[in-house]
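Reviewing the structure listed below.
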Amino acid sequence: MNHCPPNARPRPAAEPATPAVPWRARASRWAPATLRGRLSLVALTAATLLMVILTVAFNTVVRQRLQHQADDELRTRATAVAATLDISGTRVRVLKTPGEEWLDANVWIYAGGRLLEKPPTATASGPLTRAAGALAARGGTGCLTSGAHGPVRLCARPVPGDRSGAAVVTALDLSPYRASADTLLFASLALDAVMLACAYALTRLAVGRALRPVRTMTHQATRWSAVASEERFGHADRPDELARLGGSLDALLDRIRALLRHERQLTRELSHELRNPLARIIAELDWLRSRPRSAEETWAAHEAVADAARSMRTICDTLLDDARDSAAAAPGTSEVVPVLRRLADRAATARPEVEIAVRGPGDGPTAGVPDALTVGVPDALLERIVSPLLDNALRHARSRVAIRAAAVPGGVRVEVGDDGPGVPESFAPQLFLPGRRADPGDGHGGAGLGLPLARRLARSAGGEVHHEEADTPGATFVVGLPSG
């Protein structure tokens, strides 16, 4: 067991560490929310960097130029002082000349390392005198800056023609030059601030005007997509970037419209295809309620209802698979003749007075040949392709519907014909258009969607459905599918 000393204080619990926020996340908090603000900020940042570089470079050049001017003035004064020295003898002598007070101000004269003359205000051991002596001892022409009594520039010049090493050192206060440079720096910074403010305002104005068509296009696209309008941006007179944006928005609106059209088409097809199984279920239930039935009849009715329900499920699965563009890629094969006979048996209850005959390769002139016709689509898809054609034939037939299946090079051919009035010649071009009927008032309950659905499903599987004109009465539709 642990014990704490009497005066010991318990340690405070460690505070949970605050999670570090990435610098990009912190920077994004301060970034403007609008594109206009971000572009203006980018332009302002670029302009600021450019102005800083130009200001620094300009002021550096100005300071160097001012220093060169000071050096030129010092050398001129040193030359003038050197002209007043007498070097004809063994010793260097300073001659008296008019205006020597001006020449002697801030001037040191050395001969062989010995100080001959200094400014009246300077002492022999002062910092400026020591700096001047060190500069003269170097020999030759040179300059340096001393900060002992403010910024002072010193320049040395040897006396021409003298062999004893005589030199003249002149000094100049750089404070006026530095003040001029500082004033110019502050003026350039103020000018930079004014120019950056103007640049930011002009950039926001220009970007706002440039983005105005984008806002207009956005509002138009929102309004058009909400009401499924046919209007499009097209190729209006816009810059290339906005023209490409308009093309992209047009494509997006077209896809939205296609999706809405496909959704409506799927709804119509589902209602069309589910009508017959529902009618069959309702008929069986009405028949059960009409009077008492035996156990066998009740069982048969139950089987009919179950078969209709399975048919509805198959219809939904098939149409939804096609809506997801998976029908063409759906794997599987099917035997053609058994599927056709199953469809015929199921459809016989709709119009018992109409005979439905199914003929395969083993019937008729080719008797004895096996009914081995295989197509490269699943049973359910084959049923959904042929079922609308069979329903259409039963709707218009007088007494007979014939279904014939045969092998052709590369595939299988299925014909569905009836002995009805046939297809009017004027209506043939519109036969496979959704919602079109030759005679809407003929008393049949069709919606004009079965034939287009059959063709679309057949094409999704690599096949085709077409109307075949023949001399015989009635209409004949042909389904061509690839072999399995």
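When you line the sequence shown up against the numbering used here, it's residues 2 to 485, in that order. Cβ atoms here follow ideal geometry from the backbone N, Cα and C, with glycine treated the same way. Treat the numbers as computed from the prediction; the structure is a model and nothing was measured.
- For residue 43, the enclosing alpha helix (DSSP H) starts and ends at 36 to 83.
- CA-to-CA, the gap between residue 481 and residue 359 works out to about 17 Å.
- Residue 339 has its alpha-carbon roughly 10 Å from the corresponding atom of residue 375.
- The C-alpha of residue 173 lies about 52 Å from the C-alpha of residue 206.
- Taking 9 Å as the cut-off, the beta carbon of residue 170 is found closer than this to the beta carbon of residue 136.
- Counting along the chain, no beta strand (DSSP E) covers residue 339; the unbroken alpha helix (DSSP H) around it starts and ends at 337 to 348.
- The distance from the Cβ of residue 413 to that of residue 461 is about 16 Å, inconsistent with a contact at the 8 Å cut-off.
- Closest in C-alpha terms to residue 158, from the list 147, 200, 74, 148, comes 74.
- In this structure the segment 242 to 255 lies against the segment 216 to 224, because at least three pairs of beta carbons, one per stretch, are closer than 8 Å.
- For residue 384, no beta strand (DSSP E) run applies; the uninterrupted alpha helix (DSSP H) run containing it begins and ends at 380 to 397, by DSSP.
- Within the same chain, Cβ atoms closer than 6 Å to the Cβ of residue 356 are found at 401, the five residues on either side in sequence being excluded.
- One alpha carbon belongs to residue 107, the other to residue 119, and they sit about 7 Å apart.
- Exposure of residue 199 is indicated by the presence of fewer than 16 other C-beta atoms within 10 angstroms of its C-beta.
- DSSP, read as helix, strand or coil, puts residue 209 in helix.
- Between the alpha carbons of residue 190 and residue 79 lies a gap of roughly 37 Å.
- The beta carbon of residue 146 lies closer than 8 Å to those of 152, 153, 154, 155, 175 in the same chain, with the five residues before and after it left out.
- In the DSSP assignment, residue 173 falls outside any alpha helix (DSSP H) and lies within the beta strand (DSSP E) extending over 168 to 174.
- Put simply, the segment 122 to 140 does not touch the segment 37 to 54. Fewer than three CB pairs are less than 8 Å apart.
- Excluding sequence positions up to five before and after residue 433, its CB lies within less than 7 Å of the CB of 452, 453, 456, all in the same chain and listed in chain order.
- Residue 396 holds the alpha-carbon nearest to the alpha-carbon of residue 422 among 396, 415, 408, 244.
- Nearest to residue 430 by C-alpha distance, out of 418, 410, 361, 468, is 468.
- Straight through space, the alpha carbons of residue 243 and residue 178 are spaced by roughly 55 Å.
- Here residue 373 is near residue 362, since their CB atoms are less than 9 Å apart.
- Counted as a single uninterrupted DSSP element, the stretch harbouring residue 292 is not any beta strand (DSSP E), since DSSP gives it neither H nor E.
- DSSP, read as helix, strand or coil, puts residue 240 in coil.
- If you look at residue 146, you'll find it in the beta strand (DSSP E) that goes 143 to 147.
- Beyond the five residues adjoining it in sequence on each side, residue 211 comes within less than 7 Å, by CB distance, of no other residue in the same chain.
- Comparing alpha carbon positions, the residue from 475, 140, 282 closest to residue 425 is 475.
- Note on geometry: alpha-carbon atoms of residue 77 and residue 121 lie some 21 Å from one another.
- Each residue's CA atom was taken as its position, placing residue 384 and residue 34 some 57 Å apart.
- The Cβ atoms of residue 350 and residue 281 sit closer than 9 Å to each other.
- Linking residue 255 to residue 202 through their CA atoms gives a straight-line distance of about 39 Å.
- Unbroken alpha helix (DSSP H) stretches of 4 residues or longer found wholly inside the segment 116 to 161: 128 to 139, given in chain order.
- Ranked by Cα distance from residue 346, the options 406, 377, 313, 308 are led by 308.
- The three-state secondary structure of residue 197, taken from DSSP, is helix.
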